[in-house]
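Peer 1: In the UniProt record's numbering, the protein residues as written are 1 to 635.
C-beta: ideal position from N, C-alpha, C; glycine also.
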């Protein structure tokens, strides 16, 4: 551990403010230098008092002496210590200043140290690019570009302690014209989940602890190696006024990109059978939330309770689905006549704003529904004679995703049970396709999984007024660890194998059969003479079928239930049903099973979720799992 050297007296200057209100760290006229590895590391502590004198004693303890009152009086002044109960991270400049290595302890949520001396490297171009001074304070837009990196080297690094309760530190940092004597610091700090090196992009920083001691990494740049010609000393500094940058220490730890950090993020955010719903005793259970807890009053979507909305979204993020109970049903839904003329446009607009299912969808997505081109913003799935869509019949619907022929499928799908009368069967079915794909990779021959990642299937929707075609693989890998980040599966809407080479078709059919065996527990129903796939060995077929039986969720929805699920992760289907004897003997003109549904955009929905996550006091311990939208999870 670095040890502070012999006794040195020094003068600390009052923190200054810029003309635009930005807070700047003070400069010290002298510093204590600690030799660390390949470079020099300095360790300092600042105070809000106008001027103090510090002494570094031989035992390594820093003590404050003779504070002089002035601006900032009354602030809590705590100086750093290198005593045995204080662990200082090792900072090491590598490759002649091209990178910085930090060694520190990793801690679990209960703050107990589980690993020590974890080394992570931060490259000079990235530190230069992420300098908080060059992040716009409100939009978060970066004012520097990778390509503009001037080739600077890291000359020195310091771990700086600061007390945010000081009056000086309470100022809001803004982007300023940094002069040669100081640099802006990230205040308020970037909260957990923030990708930016500053915290001013959020308007809810009130939840940040106000009395928390903060640490910053200070980087002093060697600008003599600049690959560009500077026009002012502000750009390159000089020996008396070097260019420096400050980074929030906790933010740097969250942004580690070493192999171990990337592996841990992938492990914590990937979707596996541990999160999958199903019948198996070890399966996750779907959360049931009363609708009245989400909407305690009869307002519009904006009246949703934020904490309950977060519960809904978090359940979908973790298990892929959630069930809302006892929602109100519009009277006009109950009296809807499928044989009548087309719905009046004004009436339809009333439905998309007043119905419970639409209100939930709008609350989840920030106010708007999506993908209404083909079926309307609010659609109805009901049994009816002479149906033009198989969904409007009583036959089974195999597990599938909706609208796979869109470039971006719907994010959430919401289905409200309006009516369920005089039928046997008709249960709703859910299957976690992302978890199933990960399981296929674990248990099946590797070439089957790889084929589904390479071969591009053809998805299409063609009917009067619609002509949509899209080519894509069934399984998409992403992230630095190659986890499954998307699945595209919809057998009823698949076309000819236009993008699959002839000599690869047999391999594709075998891989397709294996995956479908995982996804559809009733692929070979009792009405079929076939009991297994002709493409698969019997033992593999049986193993995949058992997984489908264990990890298929099934429930008969009751009137008032709203099933919410992630259409980009989950497959949904329906068991076939039969009509029971109707008291009016008019079963052909009566709706026996009726669902009202809508879609949301995946990006709008994730945005709502992440914004609500900011309010959690333990946000720093949470990661956002992948949503099946082609992107890996994140912090």
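Does the distance from the CB of residue 592 to the CB of residue 579 come in under 8 angstroms?
Peer 2: Yes, they are a contact pair.
Peer 1: Between residue 633 and residue 269, which are expected to be in contact by the criterion C-beta below 8 angstroms, what is the C-beta distance as a whole number of angstroms?
Peer 2: At roughly 2 angstroms, the Cβ-Cβ gap stays under 8 angstroms, so residue 633 and residue 269 are in contact.
Peer 1: Quick one: Cα of residue 218 to Cα of residue 369, how far?
Peer 2: If you take the alpha carbons of residue 218 and residue 369, they lie about 46 angstroms apart.
Peer 1: Over what stretch of residues does the alpha helix (DSSP H) that includes residue 306 continue unbroken?
Peer 2: Looking at the DSSP string, the run of the alpha helix (DSSP H) that includes residue 306 is 306–319.
Peer 1: Roughly how many whole angstroms lie between the Cα atoms of residue 320 and residue 222?
Peer 2: Computed Cα separation, rounded: 50 angstroms.
Peer 1: Tell me which residue opens and which closes the alpha helix (DSSP H) that residue 125 is part of.
Peer 2: Residue 125 -> alpha helix (DSSP H) spans 124–129.
Peer 1: Around the C-beta of residue 351, are 16 or more other C-beta atoms found within 10 angstroms, so that it is buried, or is it exposed?
Peer 2: Buried: at least 16 other Cβ atoms inside 10 Å.
Peer 1: Out of curiosity, what's the CA-to-CA distance linking residue 318 and residue 286?
Peer 2: In a straight line, the C-alpha of residue 318 is about 10 angstroms away from that of residue 286.
Peer 1: Pull the bridge partners of residue 552 from the DSSP assignment, please.
Peer 2: 431, per the DSSP bridge assignment.
Peer 1: Taking the C-alpha atoms as reference points, what is the distance between residue 93 and residue 244?
Peer 2: Near 15 angstroms, if we compare the C-alpha coordinates of residue 244 and residue 93.
Peer 1: Name the one or two DSSP bridge partners that residue 566 has.
Peer 2: 412.
Peer 1: What's the gap between the Cα of residue 272 and the Cα of residue 378?
Peer 2: Their Cα atoms are separated by approximately 32 angstroms.
Peer 1: Counting pairs of Cβ atoms below 8 angstroms between the region 476–494 and the region 393–403, do you hit three or more?
Peer 2: Counting Cβ pairs under 8 angstroms, three or more are found: they touch.
Peer 1: Which whole-angstrom value describes the C-beta separation of residue 249 and residue 295, a residue pair presumed to lie in contact below a C-beta threshold of 8 angstroms?
Peer 2: At roughly 42 angstroms, the Cβ-Cβ gap does not stay under 8 angstroms, so residue 249 and residue 295 are not in contact.
Peer 1: Taking residue 283 as part of the alpha helix (DSSP H), name the residues at either end of that continuous run.
Peer 2: Run containing residue 283: none; DSSP gives neither H nor E here.
Peer 1: Distance check for residue 466 and residue 566, CA to CA, integer angstroms please.
Peer 2: So the alpha carbons of these two residues sit roughly 24 angstroms apart.
Peer 1: Thinking just about the alpha-carbon of each residue, which of 187, 153, 100 and 157 is nearest to the one in residue 135?
Peer 2: When each option's Cα is compared against that of residue 135, the closest is 187.
Peer 1: Which of the three DSSP states, helix, strand or coil, is assigned to residue 598?
Peer 2: Reduced to three states, the DSSP call for residue 598 is strand.
Peer 1: Would a C-beta distance cut-off of 8 angstroms place residue 261 and residue 301 closer than the cut-off?
Peer 2: Contact: no.
Peer 1: Measuring only the C-alpha atoms, how far is residue 502 from residue 514?
Peer 2: Roughly 20 angstroms between the two C-alpha positions.
Peer 1: My assumption, with CB atoms under 8 angstroms, is that residue 365 sits in contact with residue 557. Please give the rounded CB distance.
Peer 2: Not confirmed; about 22 angstroms, so no contact.
Peer 1: Cα-Cα, which of 570, 480 and 303 is closest to residue 403?
Peer 2: Per the Cα distances, 570.
Peer 1: Would you mind reading off the limits of the alpha helix (DSSP H) that contains residue 516?
Peer 2: Per DSSP, residue 516 belongs to the alpha helix (DSSP H) from 505–519.
Peer 1: Can you tell me where the alpha helix (DSSP H) with residue 293 in it begins and where it stops?
Peer 2: 291–294 is the extent of the alpha helix (DSSP H) around residue 293.
Peer 1: Tell me the DSSP bridge mates of residue 246?
Peer 2: Beta-bridge pairing links residue 246 to 218.
Peer 1: Rounded to a whole number of angstroms, what is the C-alpha to C-alpha distance between residue 201 and residue 130?
Peer 2: Approximately 14 angstroms, taken between the alpha carbons.
Peer 1: Going by other Cβ atoms of all chains shown within 10 Å of its Cβ, with 16 needed for buried, is residue 531 buried or exposed?
Peer 2: Result: exposed.
Peer 1: Would residue 548 and residue 521 qualify as a contact pair, given that the criterion is a beta-carbon distance under 8 angstroms?
Peer 2: Their beta carbons are under 8 angstroms apart, which means residue 548 touches residue 521 by this criterion.
Peer 1: Cα-Cα, which of 433, 551, 373 and 358 is closest to residue 464?
Peer 2: The shortest Cα separation from residue 464 among 433, 551, 373 and 358 belongs to 373.
Peer 1: Chain C beta carbons: is any one of them nearer than 8 angstroms to that of residue 432?
Peer 2: Among the protein chains of the structure shown there is no chain C, as only one such chain exists.
Peer 1: What do you get for residue 448, buried or exposed, if any count of 16 or more other CB atoms within 10 angstroms of its CB means buried?
Peer 2: It is buried - the Cβ of residue 448 has at least 16 other Cβ atoms within 10 Å.
Peer 1: Starting from the C-beta of residue 242, find all residues in its chain whose C-beta is less than 6 angstroms away, skip the five residues before and the five after it, and write them out in chain order.
Peer 2: Closer than 6 angstroms at Cβ, skipping near neighbours: 220.
Peer 1: Closest to residue 623 by CA distance: which of 612, 635, 614 and 617 is it?
Peer 2: Of 612, 635, 614 and 617, the residue nearest in Cα terms is 635.
Peer 1: I need the straight-line Cα distance from residue 176 to residue 139, nearest angstrom please.
Peer 2: Residue placement at residue 176 is flagged as unreliable, the pLDDT there being 37, under the threshold of 50; a coordinate-derived value is accordingly withheld.
Peer 1: From what residue to what residue does the alpha helix (DSSP H) around residue 494 run?
Peer 2: Run containing residue 494: none; DSSP gives neither H nor E here.
Peer 1: Spatial neighbours of residue 600 within its chain, please: CB distance less than 6 angstroms, with the 5 preceding and 5 following residues excluded, ordered by chain position.
Peer 2: Answer for residue 600: 361, 364, 365, 370, 411 and 412, listed in chain order.
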